[in-house]
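Here the structure is laid out as structure tokens; the discussion comes afterwards.
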Amino acid sequence: MTKPKYSDIHFRFKFNGFHPSIDELKEIGYSLIKEGTLFEQAIGDFLLDWLDEKLVIEVKTSGSTGIPKSILLKKSQMVNSALATGDFFGLHPGDSALLCLPCDFIAGKMMLVRAMVLGLELDYVEPSSNPLEYNSNSYDFCAMVPLQLQKSLGQLKRIRIVLVGGASVSNALKKKVEHESTTIFETYGMTETITHVAVRKIHPIPPSVVETFFETLPGVTVSTDSRDCLIINAPNVCDDKVITNDLVHLISDTEFKWLGRYDNIINSGGVKLIPEQIETKLTQIISNRFFVTGFPDEKLGQKLVLLVEGEIDVETLSKKITELSSLEKYEVPKAIYNLPSFLETETGKIRRKENANLILS
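Just so you know, we're using the UniProt record's numbering here: the sequence shown kicks off at 1 and counts up by one.
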């Protein structure tokens, strides 16, 4: 079977119920740019970029781990990514899909690419926290961020497979989806790897399974460096190996457990604390958005502190934390602060350093 080129639009592809030719798809792109809303203009921009003569496409990184930047991705590698996703999840021509992510970033763009390459029938809706609110259709496939998943509880039965990415899925949210019929996967990836290169099933999980791990997509292997950070070898979507700052426990060359970010590690009195591991435990008692970080301390070097978004009763919360049996003594925050609202990236991720600096300053 000949691998499709980026300029090949699958004959089963539909866009909001319409099966367009390449010329018609270009016309749709022009129309969306000229007459559409902001999110539709982003769709139009991408369609025209995808259908031009260039072999690469410029995309923006989200800025969650640094300053947002533009990088060039090969269209042929974006096709490879779409094929790997279709293979892993068993997507077939004629399956339906919903685009509810902004097309300013790679996750939204790749929903369009998957539809065009795999022959999916794609509908799009305005990106919002509750994308199923004004849409009564059923779908085989959809990608969401955790907030969208949470707001869609009770309506998820209309989607067969949901991918959740952009931020980690809290234990509290995993609990809430337990009664849903939808198959849900958490994704691992970044702009440089053309979205996900690994996924882990978070629902449904058999009662006998204690923990699930990230499993790589076809053609992807992983290893670690001297820091225990993940190295991704994905030759079909990346020319070079990608060395990340993600701390992992390697299960095999195709499986790993994500622990946290190397650049978030707190060294408190010689003890290395991984914020994400502590935050997982604190989700049991904190419903607001929050994170832990390290503040300068004369004795410890860094002390562990907790930052919570919105109004909180510090005394009550502090008592609950000390009573939390899963926390080790060195994992108990030395101080609790709150901010009315957190600073975010364009994609809604919390800017840890900037929010911490608001308190420090």
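Note that beta-carbon positions come from the ideal geometry of N, C-alpha and C, so glycine has one too.
1. Given a cut-off of 7 Å, decide if Val242 and Trp258 are closer than it, judged by their beta-carbon atoms.
2. So Ile336 is in the beta strand (DSSP E); what residue range does that whole segment cover?
3. Would you identify the three-state DSSP class for Leu173, choosing helix, strand or coil?
4. Does the count of Cβ pairs from the stretch 73-91 and the stretch 316-329 closer than 8 Å reach three?
5. Return the residue from the list Phe39, Gly310, Glu126, Ala143 that minimises the CA-CA distance to Leu343.
6. Where does Leu273 fall in DSSP's three states?
7. Just the Cα atoms here: how many angstroms apart are Gln148 and Val305?
8. On a Cα-Cα basis, can you pick out the residue from Val56, Val162, Leu91 that is closest to Ala115?
9. Cα separation between Leu51 and Leu25?
10. Just the Cα atoms here: how many angstroms apart are Gln150 and Pro235?
11. Kindly identify the DSSP beta-bridge partner or partners of Trp50.
12. With distances taken between CB atoms, is the gap from Phe295 to Ile350 smaller than 7 Å?
13. Can you tell me the Cα-Cα spacing of Met110 and Thr195, whole angstroms?
14. Closer than 7 Å by C-beta to Ile312: which residues in its own chain qualify, once you throw out the five before and the five after it? Chain order, please.
15. Please classify Gly189 as buried or exposed, where buried requires at least 16 other C-beta atoms within 10 Å of its C-beta.
16. Nearest to Ile178 by CA position, among Leu153, Arg160, Pro127, is which residue?
17. Report all residues from its chain with a CB closer than 8 Å to the CB of Ser170; omit the five preceding and five following residues, and keep chain order.
18. Here's the rule I'm using: 16 or more other beta-carbon atoms within 10 Å means buried, otherwise exposed. How should Phe18 be labelled?
From the atom records:
1. no
2. 335-339
3. helix
4. no
5. Gly310
6. strand
7. 29 Å
8. Leu91
9. 9 Å
10. 34 Å
11. Note: Trp50 sits in no beta bridge, so no partner.
12. no
13. 8 Å
14. Asn288, Asn338
15. buried
16. Before going further, note that residue 178 is Glu rather than Ile in the sequence given. The shortest Cα separation from Glu178 among Leu153, Arg160, Pro127 belongs to Leu153.
17. Pro146, Thr280, Thr283
18. exposed
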